[in-house]
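In this text, residue positions in the sequence shown follow the UniProt record's numbering: the first is 1, and each later residue adds one.
Ideal Cβ positions, reconstructed from N, Cα and C, are used throughout, including at glycine.
Please read these numbers as outputs of a predicted model, since none were measured by experiment.
Have a look at the structure below before the remarks.
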Amino acid sequence: MQKYTRILENLKEELIGIIYPRTCPICGEILQKNNLQVCNACKKKIKYIKEPACKKCGKQLQVEEQECCFDCLKKEHNFTKGIALYCHDEWIRKSIYKFKYSNKREYAKIYANEIILRYRSKIEEWNADYLIPIPLHKSKLRARGYNQAEDLSRELSKELLIPMLKNGVYRIKKTLPQKELNDKQRINNLEKAFKIGNIDVKSKRVILIDDIYTTGATIDSVAEVLIQSGVKDIYFITISIGEGL
């Protein structure tokens, strides 16, 4: 049954691809058929995360001998470790903005494919039981119509064969945009913002999925409620991340 469902999904995607050709999430140019990556021209101008990278949060580092970024050295995080695909430069900022606010939900498949191409072996080493997308507050979800983290998580789940817990965590507090706040305000903003869903995650390993990692405040806040529910290890994957020092 699962095999036929996958075949039908592939046929549906083929048809959608003919009617609405897939475009590069960076420049918007039409991609060649079956291309699930950023176009070659854009690959030369965006920055993929590469070694050396922070062993904790995955931020790009400048010094080979350095193991962790300054942020992770000065703060104890609730997560085990994480990875990101791109450095959060102007190109990526604009791309993610369109993904979040301009209904460019098809970008999720390209982001997911690029993540898997670069990190499949590392993700498989984590041996995760579930993927959990960072939730939106219900008011924001109604206004936007979709959760971009959920779209990305769904695409990753299909390829990695790791179940997604859509309602694993709820955002019960209407928070301010994190980008407008300093470090202390970010933490206060997210205090008691999340609640665990009706799930049993005791002794499980989970991967949190989000679009951007800046200070880690959101990931830490969600990780805190998961730890209280008995989760064993908490990893994260984001599309982009700020640069480490």
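Specify, as a first and last residue, the run of the beta strand (DSSP E) that THR218 falls within.
Element bounds for THR218: not the beta strand (DSSP E) but the alpha helix (DSSP H), 217–228.
Query raised in the report: LYS195: buried (16+ other C-beta within 10 angstroms of its C-beta) or exposed?
Result: exposed
Buried or exposed (CB count within 10 angstroms, at least 16 for buried), ARG22:
buried
Go ahead and label ARG171 buried or exposed: buried means 16 or more other beta carbons lie within 10 angstroms of its beta carbon, across all protein chains shown. buried
**Asked** In whole angstroms, what separates the C-alpha of ILE49 from that of LYS74?
**Response** 22 Å
Check: From which residue to which residue does the beta strand (DSSP E) around TYR87 run?
Finding: In the sequence as displayed, the identity of residue 87 is Cys instead of Tyr. Counting along the chain, the beta strand (DSSP E) containing CYS87 begins and ends at 81–87.
Assigned secondary structure, ALA53 (DSSP; H/G/I helix, E/B strand, else coil): strand
Q. By DSSP, does GLN185 sit in helix, in strand, or in coil?
A. helix
Item to check | Cut-off 8 Å between Cβ atoms - residues of its own chain near TRP91, not counting five sequence neighbours on either side | outcome: ILE26, CYS42, LYS45, ILE46
Locate the beta strand (DSSP E) running through ASP233, then write down its first and last residues. 233–241
Decide if the segment 153–161 is in contact with the segment 175–187; the criterion is three or more beta carbon pairs, one per stretch, under 8 Å apart.
no
**Asked** Nearest-angstrom Cα distance between LYS202 and THR80?
**Response** 16 Å
Report task. Return yes when the Cβ of ASP211 is within less than 8 Å of the Cβ of residue 250, no when it is not. Result -> Since the first residue shown for the chain is 1 and the last is 245, residue 250 is missing from the structure and cannot be characterised.
Taking just the CA atoms, how far does GLY58 sit from ASP89? 16 Å
Check: ASN117 lies in the alpha helix (DSSP H); which residues open and close that run?
Finding: The sequence as given places Leu at residue 117; Asn does not occur at that position. Note, LEU117: alpha helix (DSSP H), 107–126.
Q: Assign ALA143 to one of two classes, buried (16 or more other C-beta atoms within 10 Å of its C-beta) or exposed (fewer than that).
A: exposed
Q) Quick one, are the C-beta atoms of THR218 and LEU190 less than 8 Å apart? A) yes
Open item on the list: Quick check on DSSP: helix, strand or coil for ILE162?
Closed with: coil
Let me know if PHE70 comes out buried or exposed under the rule of 16 or more other beta-carbons within 10 Å of its beta-carbon. exposed
Just to check my reading of the structure: SER139 and LYS174 have Cβ atoms closer than 8 Å, yes? What is that Cβ distance to the nearest angstrom? 6 Å
From which residue to which residue does the alpha helix (DSSP H) around LEU208 run?
-> Element bounds for LEU208: not the alpha helix (DSSP H) but the beta strand (DSSP E), 205–213.
Next on the checklist: Between which residues of its own chain and ILE83 is the CB-CB distance below 7 Å, once the five residues before and five after are set aside?
Outcome noted: GLY58, TYR119, LYS122, ILE237
Discussion item. Going by beta-carbon coordinates alone, are LYS204 and ASP151 separated by less than 8 Å?
Written reply: no
Let me know if ASN40 comes out buried or exposed under the rule of 16 or more other beta-carbons within 10 Å of its beta-carbon.
exposed
So, at 8 Å on beta carbons, what are the nonlocal neighbours of TYR111 in its own chain, with the 5 sequence-adjacent residues on each side left out? PRO25, LEU85, PHE99, LEU152, GLU155, ILE239
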